[in-house]
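Here the structure comes first, spelled out in structure tokens, and everything after it is commentary.
Protein chains: 2
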Amino acid sequence: MFNVTFLPAGKQVQVEQGENLLRAAMLAGVQFSASCGGSGSCGKCKVLVEKGEFESDVSARISAADQEKGYALACITRINSDIEVHLPEDARAIDRQAIERAMLTSVEPSELLGHIEINPSVQRIYLELPPPSLEDNVSDIDRLTRALEKQLGSKKIHLSLPLIKQASSTLRSSGWKATFTVFATDEGFEVTQVFPGHRTEPVYGLAVDIGTTTICAELVNLENGRVQAHRSDYNSQYSCGEDVISRIVYASRNRENLAHIQGLVHSTLNGLIQEMLKETGVQSQDIADVVMSGNTTMTHLFMGVEPGIREEPYVPVTSAPPVLQAGELSLEWSDSARIYLTPSRASYMGGDITAGLIGSNLFRSEKLTLYIDVGTNGEIVLGGSEWLIGCSCSAGPAFEGGAIKHGMRAATGAVEQVRIDPGTFEPMILTVGQSSPRGICGSGLIDAMAELLMAGVITSKGRFNTELDTPRIRGQEALEYVLVWAEDAQNGQDIVITEGDLDNLLRAKAAVFAGITTLLNAVGITLQDVDELLIAGGFGRYLELDKAVTIGLLPEISPDRVKYIGNGSLLGSRVMLLSRRMRQEALQVCKKMTYLELSQDPSFMDQYVSALFMPHTDMSMFPSVQASLMG
Amino acid sequence: MFNVTFLPAGKQVQVEQGENLLRAAMLAGVQFSASCGGSGSCGKCKVLVEKGEFESDVSARISAADQEKGYALACITRINSDIEVHLPEDARAIDRQAIERAMLTSVEPSELLGHIEINPSVQRIYLELPPPSLEDNVSDIDRLTRALEKQLGSKKIHLSLPLIKQASSTLRSSGWKATFTVFATDEGFEVTQVFPGHRTEPVYGLAVDIGTTTICAELVNLENGRVQAHRSDYNSQYSCGEDVISRIVYASRNRENLAHIQGLVHSTLNGLIQEMLKETGVQSQDIADVVMSGNTTMTHLFMGVEPGIREEPYVPVTSAPPVLQAGELSLEWSDSARIYLTPSRASYMGGDITAGLIGSNLFRSEKLTLYIDVGTNGEIVLGGSEWLIGCSCSAGPAFEGGAIKHGMRAATGAVEQVRIDPGTFEPMILTVGQSSPRGICGSGLIDAMAELLMAGVITSKGRFNTELDTPRIRGQEALEYVLVWAEDAQNGQDIVITEGDLDNLLRAKAAVFAGITTLLNAVGITLQDVDELLIAGGFGRYLELDKAVTIGLLPEISPDRVKYIGNGSLLGSRVMLLSRRMRQEALQVCKKMTYLELSQDPSFMDQYVSALFMPHTDMSMFPSVQASLMG
Ligand code: FES
Ligand code: FES
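Protein chains in written order, with the numbering used here: chain A, 1 to 631; chain B, 632 to 1262.
Put into structure tokens, the structure is as follows:
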């Protein structure tokens, strides 16, 4: 970790080697112009490095002479030592009592789970069997299972008819030396693959998060637990509807639609896997196990089952699907690969949450933990090793950039971090991929909203302050704030945040926060009692906790009690891939959890109305935010 | 039972209502000419009924005037009361100390098993589930399994993905009232079928014996245990080879052959089932379970697996196949029907024998029992509830009519019973279906050989006595006995038994008997120690025990200790269909049984040579036969 000091104010921040200097400035609460999204093309982020080592990319916006003198464009500069930076003329430190900031970065499972035992559901076993003789003339399959029983310590070894044929002919033609893949079932073991001779290639697994928006997959070496490759892509079901409900409607129309929407998720997955195989040189037949987590709708559509959860009483078809074989589905994988779908607690508390509770280690935590996964739905779970209670609230698509004028997913060009100068009301932005801005994604919207609030551009109810003298606020009836001028934007149009957008965001955050407080009330505790807050979800790496707290989306809790686990669904999938015991735990988690149906809870609407205010009507829950706003 | 008295000798016999009068005469040891196979066309079996009731078919060979006087053709006459019959002029009683005869008829399983508990692997369960509500919003499948767990007392209820889809959509569209078929597995239960509403049709099963020559099937109502229909047909694999070895050779040539020979047995089965469904009006989807027993080769070919048992060390691919689904195979049944293949002990001790040991109740008998199944192979098992030992010897095809000049299977026109007048050397024959003779089947050959021996036509070594003055014995180097003259035969040619035929039969019986004695010697006991002899096999209804004893094929044991169980494979299949516990017993039987490899037993060849004599070189084992031959 290096110290970065911003002069003249002397603000300091600690960052990792290679951290971007503009991000460091944002982290330190230092404000200057930066309007090109960090693409190095506006030249406004020029700083003077007084001490320390750094390296910069090439840009036409800074002269060789300036570089000689030590100037650099912060957005294309990486920090390589302790460093002291002098801010440009127009820069001024934000004079605000800072909430201690928690930059959210995803954690390694081992950090959360301690030592994960590597004991996957599949394993490869090489056997040299004694050839049959008149003295030892048991059948081929008895000969095989006898040896496997010995190795595995189980009497229950099963082979399906196709495997019986394959095992027998392989053993006979390879001198009774062959490698077998076995899969641990509830009852014993199932032989799923046979290879002649000694197959030394490791056996691999896939951890998959099937999200409504994005599908993420990791290719994991099951012998050493390492992630060999990872890929993600948009869920191509997008073409059938953006959200869960519209996809259910599409799928329920007729059999062809159901088959089509199922095929779309399969083809997305097929693509991801092909890329990872190409990258690593792993052969598809060495992927023997898949753990897949998703919300109930995604899981059902993956199986080609109509979810049936659109209307009250929101009952899904199945909450704990059987282990499938790739060959049962239209997947271009090795037919014998097993697919475990993480069980779900309720229609709107899916396998992705179960996986998150496993991956985050919450299920065996001694601490009273609050788990929050914010996306289209906000799923909230409270508890630990003893008990669990959860609920789900519909936040709508705002946090995923939906129903927002210039909202977009966290793709290249999406504004993901925002600072607004409380004096000039000028913004400072960073985009995904640091390319020129195209729109605003979830974390950018939360940042913008919090900054607009802190800068006094909007009120606690999300209305623009029309008194301010800045061209960035404009419009008559429909007011809006211009975040990026057309000249800096990728498509040559202003990127704005409207009052309608603010309204949608406010309602979304109110739904989530009302869920949290309803859940806490249900068990009679307050935020003070919570030992740990775990944040999961698809906000990307750069959601800053304090911004989410500022608008009242997340509760104010001491940052040392907060962890961001990133994609909990993927994390848990990997953990269950590596340890088959964790799959049993997953089922226990579902059984143990009490599910609170918010639509049936009379206090939820009151909580919701109280939360339609930033950060909250009851400001005592947000003492630091209150202090900042006052200050 | 009615008494039949044959005058003038006064021989008596007891028969059932409707018994054929010619069979009754044979049973009584009464001898007269009867050369048309019982088809009513030679007119030689004319008798005078002096007392009692009978009915006769119409024949041109008997005049109305004769009928008025009370004459009848025995072969087309059925006995309806106690009756007294005067024999025709040429008839004379065989003056021989008769071995007490055991006419072999198959027994009902209940006779052997006592009360069979009807507790099949499949059952139908009608459920009226509470519709989902917000208070009770578990998934469809959880709702279903919750109810099934309650009914079945098991936590392990499994549904495959297709069944999940079907169960959910059926429940939702039928007001949560549906009927389920569940199949008991080792671990719990599997749901295999779903029907909307209350399906009141009983659930059925099939018991199947897949023999090398014949396939027999029974359609069994699994609710009351009754056989609703039964059918048998030649195994159409016959076109690929008559015996097991030639079919293995055919199947091993290439994949197409294997698929073809598998398809043949499937098509034979499909045909049988279609006929039974047509006869009974049962719907194919109500057949939910199948128990199938056969020798190892038949079982493997049914699964489409190359048996691989042709050469030393005779190792099959599998001895206990997994439960299959009809849908996995090219069977035109309801895809969801489960198929249980009875496990086998060894390559030449197949599931048909396991089934016989279950069906005959030997596996839990307190008596020391000898079980013999004679066909192309003779399988012999000795033991009871405590221990079992078995062996298998190749008898060759003679007992099935193969390698015999006029041998044939037990089809219409096959001579199945024979008597030879020890004075005139004239035969008396009955054919299957009482139609004009076409050839000789297994039981006919055994009868003929025994009768030729008793009449002194052949020696104990199976050579013809050329001293006798009868046109029936003819030929120079190659001697033969004419059993049917061309004029009475269906195809207008003499039907003969050659010395070569006798030789083949002698070797076949010697192999079986040597197996029996080798097995007895292996455990150090003699025939006197055997409490019960069970005979199974495909000889048809009319193999007479004393004839098989006379030639030394079967040991001489007091007839009250002998039971003929007929098709033991089919019998056991039915028992395992009705009681799932019996399937576990079948596996135990295989585990418990010691298998003696005769080719590895040095004493076997000695035993074989000693048995190449009728009844045996050691005549002390056959005291009654010895007395008859002397007398
Ligand atoms: S050049 Fe750095 S923000 Fe534009
Ligand atoms: S007519 Fe009776 S046997 Fe020929």
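The beta-carbon is built from N, C-alpha and C at its ideal position, and this holds for glycine as well.
Quick caveat, the model's predicted, so the values are computed rather than measured.
Next on the checklist: Rounded to the nearest angstrom, what separates Met1224 (chain B) and Leu1151 (chain B) at their Cα positions?
Outcome noted: Spanning the two alpha carbons is a distance of roughly 15 Å.
Checklist entry - Is it right to say Asp1100 (chain B) is buried, meaning 16 or more other beta carbons lie within 10 angstroms of its own, or is it exposed? => result Exposed.
Next on the checklist: Assuming the contact rule is C-beta atoms closer than 8 Å, Cys393 (chain A) and Gly515 (chain A) should be a hit. Round their C-beta distance to whole Å, please.
Outcome noted: Contact holds; Cβ gap of about 4 Å.
Checklist entry - Are Ile1071 (chain B) and Ile1104 (chain B) closer than 9 Å when you measure CB to CB? => result Using a Cβ distance threshold of 9 Å, Ile1071 (chain B) and Ile1104 (chain B) do not count as a contacting pair.
Checklist entry - Helix, strand or coil for Pro639 (chain B) per DSSP? => result Here Pro639 (chain B) carries a coil assignment [DSSP, helix/strand/coil].
Next on the checklist: By alpha-carbon positions, which one of B:Asp917, B:Val875, B:Ile904 ends up nearest to Arg830 (chain B)?
Outcome noted: The shortest C-alpha separation from Arg830 (chain B) is found at B:Asp917.
Next on the checklist: Let me check one thing: in DSSP terms, what residues is Ser1023 (chain B) bridge-paired to?
Outcome noted: Under the DSSP definition of a beta bridge, Ser1023 (chain B) partners with B:Glu1010.
Item to check | Reduced DSSP secondary structure (H/G/I, E/B, other) of Arg1138 (chain B) | outcome: When secondary structure is reduced to three states using DSSP, Arg1138 (chain B) falls in the helix class.
Checklist entry - Buried or exposed: which applies to Arg253 (chain A), given that a residue is buried once 16 or more other Cβ atoms fall within 10 Å of its Cβ? => result Classification for Arg253 (chain A): exposed.
Checklist entry - Are at least three pairs of beta-carbons, each pair with one atom in the stretch 688 to 705 of chain B and one in the stretch 1080 to 1095 of chain B, less than 8 Å apart? => result Contact check between the stretch 688 to 705 of chain B and the stretch 1080 to 1095 of chain B: fewer than three CB pairs, one atom from each, fall below 8 Å, which does not count as touching.
Checklist entry - Who are the near neighbours of Ser785 (chain B) in its chain, counting only those whose CB is closer than 7 Å to its CB and skipping five residues on each side? => result Closer than 7 Å at Cβ, skipping near neighbours: Gly819, Phe820.
Next on the checklist: With a threshold of 9 Å between beta carbons, is Gln600 (chain A) in contact with chain B?
Outcome noted: Contact of Gln600 (chain A) with chain B is assigned, a C-beta pair being separated by under 9 Å.
Next on the checklist: As an exercise, report each continuous beta strand (DSSP E) stretch of at least 3 residues that is fully enclosed by the stretch 1148 to 1196 of chain B, in chain order.
Outcome noted: Listed in chain order, they are 1163 to 1168.
Item to check | For Val418 (chain A), the residue or residues it bridges with in DSSP | outcome: As DSSP reads the structure, Val418 (chain A) sits in a beta bridge with A:Ile429.
Next on the checklist: Classify Ala919 (chain B): buried if its beta carbon has 16 or more other beta carbons within 10 angstroms, exposed otherwise.
Outcome noted: Answer is buried; the Cβ neighbour count reaches 16.
Checklist entry - How many Å lie between Pro557 (chain A) and Leu368 (chain A) at the Cα? => result In the sequence as presented, Pro is not what sits at residue 557 (chain A); that position holds Ile. Straight-line Cα distance between these residues: approximately 13 Å.
Checklist entry - Are at least three pairs of beta-carbons, each pair with one atom in the stretch 571 to 581 of chain A and one in the stretch 542 to 555 of chain A, less than 8 Å apart? => result Judged by Cβ distances under 8 Å, the stretch 571 to 581 of chain A makes no contact with the stretch 542 to 555 of chain A, as fewer than three pairs qualify.
Next on the checklist: My output table needs one value for Thr280 (chain A): the three-state DSSP class, helix, strand or coil.
Outcome noted: Looking at Thr280 (chain A) - three-state DSSP - the assignment turns out to be helix.
Checklist entry - What do you reckon, is the C-beta of Cys393 (chain A) under 8 Å from a heavy atom of ligand 1? => result Checking every heavy atom of ligand 1 against the Cβ of Cys393 (chain A), none is found closer than 8 Å.
Checklist entry - Cβ of Cys673 (chain B) within 8 Å of any heavy atom in ligand 2? => result Relative to the non-hydrogen atoms of ligand 2, the Cβ of Cys673 (chain B) comes within a distance shorter than 8 Å of at least one.
Item to check | Burial state of Gly828 (chain B) (16 or more Cβ within 10 Å) | outcome: Exposed.
Checklist entry - Would you say the beta carbon of Arg61 (chain A) comes nearer than 8 Å to a heavy atom of ligand 1? => result At least one heavy atom of ligand 1 lies closer than 8 Å to the C-beta of Arg61 (chain A).
Item to check | Minimum Cβ-Cβ distance from Asp494 (chain A) to chain B less than 9 Å | outcome: Asp494 (chain A) has a beta carbon lying at 9 Å or more from every beta carbon in chain B.
Next on the checklist: Quick check: Ile458 (chain A) and Glu480 (chain A), are their CB atoms within less than 9 Å of each other?
Outcome noted: It is not a contact, given that the beta carbons lie outside the stated cut-off.
Item to check | N- and C-terminal bounds of the beta strand (DSSP E) containing Leu163 (chain A) | outcome: From DSSP, Leu163 (chain A) is part of no beta strand (DSSP E) but of the alpha helix (DSSP H) over 161 to 173.
Next on the checklist: Using a Cβ-Cβ distance cut-off of 9 Å, determine whether Ala1179 (chain B) contacts chain A.
Outcome noted: By this cut-off, Ala1179 (chain B) is not an interface position.
Next on the checklist: With the cut-off set at 9 Å, would you say Glu686 (chain B) and Arg709 (chain B) are in Cβ contact?
Outcome noted: For Glu686 (chain B) and Arg709 (chain B), yes; Cβs fall inside 9 Å.
Checklist entry - In whole angstroms, what separates the C-alpha of Asn992 (chain B) from that of Gln1048 (chain B)? => result Here the C-alpha atom of Asn992 (chain B) lies approximately 30 Å from the C-alpha atom of Gln1048 (chain B).
Checklist entry - Can you find a C-beta in chain B that's less than 9 Å from the C-beta of Lys165 (chain A)? => result Cβ-Cβ to chain B under 9 Å: yes for Lys165 (chain A).
Checklist entry - If we count the other Cβ atoms within 10 Å of its Cβ and call it buried at 16 or more, is Lys278 (chain A) buried or exposed? => result Its Cβ having fewer than 16 others within 10 Å, Lys278 (chain A) is exposed.
Item to check | Assumed close pair Ser1200 (chain B), Gly925 (chain B) - CB separation to whole angstroms, cut-off 8 Å | outcome: Sure, about 7 Å apart at Cβ, within 8 Å.
Item to check | Start-to-end residues for the alpha helix (DSSP H) that takes in Met1261 (chain B) | outcome: Segment 1254 to 1261, the alpha helix (DSSP H) holding Met1261 (chain B).
Next on the checklist: Looking at the secondary structure, which residues open and close the alpha helix (DSSP H) in which Phe604 (chain A) lies?
Outcome noted: Counted as a single uninterrupted DSSP element, the alpha helix (DSSP H) harbouring Phe604 (chain A) occupies residues 604 to 610.
Next on the checklist: Which residues does DSSP list as the beta-bridge partners of Thr213 (chain A)?
Outcome noted: For Thr213 (chain A), which the question treats as bridged, DSSP gives no partner whatsoever.
Checklist entry - According to DSSP, is Leu502 (chain A) helix, strand or coil? => result Reduced to three states, the DSSP call for Leu502 (chain A) is helix.
Item to check | Backbone secondary structure at Met657 (chain B) - three-state DSSP | outcome: If DSSP states are grouped into helix, strand and coil, Met657 (chain B) belongs with the helices.
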